[in-house]
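Count the sequence shown with the numbering used here and you get residues 39 to 190, in order. See below for the structure under consideration.
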Amino acid sequence: MATEFKTIPLIDISPLLQKWDEVNESQNESIAGVVKELDEACKNEGFFYVTGHGIPLPFMEEIRRITRKYFDQPYEDKLNIKLSASTGYRGYQAIYENITTGVPDMQEAIDCYREIKPGMYGNREQNKQRSILGLKSNWLPSFTIVRWTRKR
């Protein structure tokens, strides 16, 4: 059950990145501490900020700029990278298409993930997403961008 809160939790995830390849990572105290903080934030506030992720500020600013431009497009243009099975469930989701606990969400989102096996869904789809989003880099990052919509 959510509680009232006055601040958004700020969680340093750097121990997860530093220890990701350890054999006994689940027994590492610093990792367990981060996992506990994430668990508590999800249960109590429902969201959190992270630090220690290693993502450069210019890249975060580029993603913000790209997403504002993308979400401001007409609906028909957003469908150029529609999420589907053939795209490996990557791409655009319209409002009410994402279902959480049986209830359609008041959000639209773009899901972008690097493939586990390169070319798994065809380079054409990744190149199409990269081109439509206007990413300057030559690789498609893994991220989900959500824009929540107010109830009408």
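Just so it is clear, CB atoms sit at the ideal spot from N, CA and C, and this is done for glycine as well. Only a predicted model underlies this, so the values are computations on that prediction, with no experimental measurement involved.
message: Closest to G84 by C-alpha separation, out of P47, S68, S122, would be which residue?
response: In terms of Cα proximity to G84, the closest of P47, S68, S122 is P47.
- prompt: Tell me, which residues are paired with P53 by DSSP?
  reply: When DSSP reads this structure, P53 sits in no beta bridge, so it has no partner.
message: Between which two residues does the alpha helix (DSSP H) holding I104 run?
response: Segment 95–109, the alpha helix (DSSP H) holding I104.
query: Of the choices P53, E42, D149, whose alpha-carbon is the least far from that of T105?
result: T105 has its Cα closest to that of D149, out of P53, E42, D149.
query: Hey, is L117's beta-carbon within less than 8 angstroms of any beta-carbon in chain B?
result: Although the question refers to chain B, the structure presented lacks it and comprises just one protein chain.
field: Proximal residues to A132 (C-beta, below 6 angstroms), its chain only, five neighbours per side dropped
entry: Closer than 6 angstroms at the Cβ level, and outside the excluded window around A132, lie E146.
- prompt: Does DSSP put K120 in a helix, a strand or coil?
  reply: Correct three-state label for K120: strand.
message: Taking only three categories from DSSP, how would you classify Y87?
response: Correct three-state label for Y87: strand.
message: Alpha carbons only, please: which of I93, E99, T45, T89 is nearest the one belonging to N82?
response: For the set I93, E99, T45, T89, the Cα lying nearest the Cα of N82 is the one of T45.
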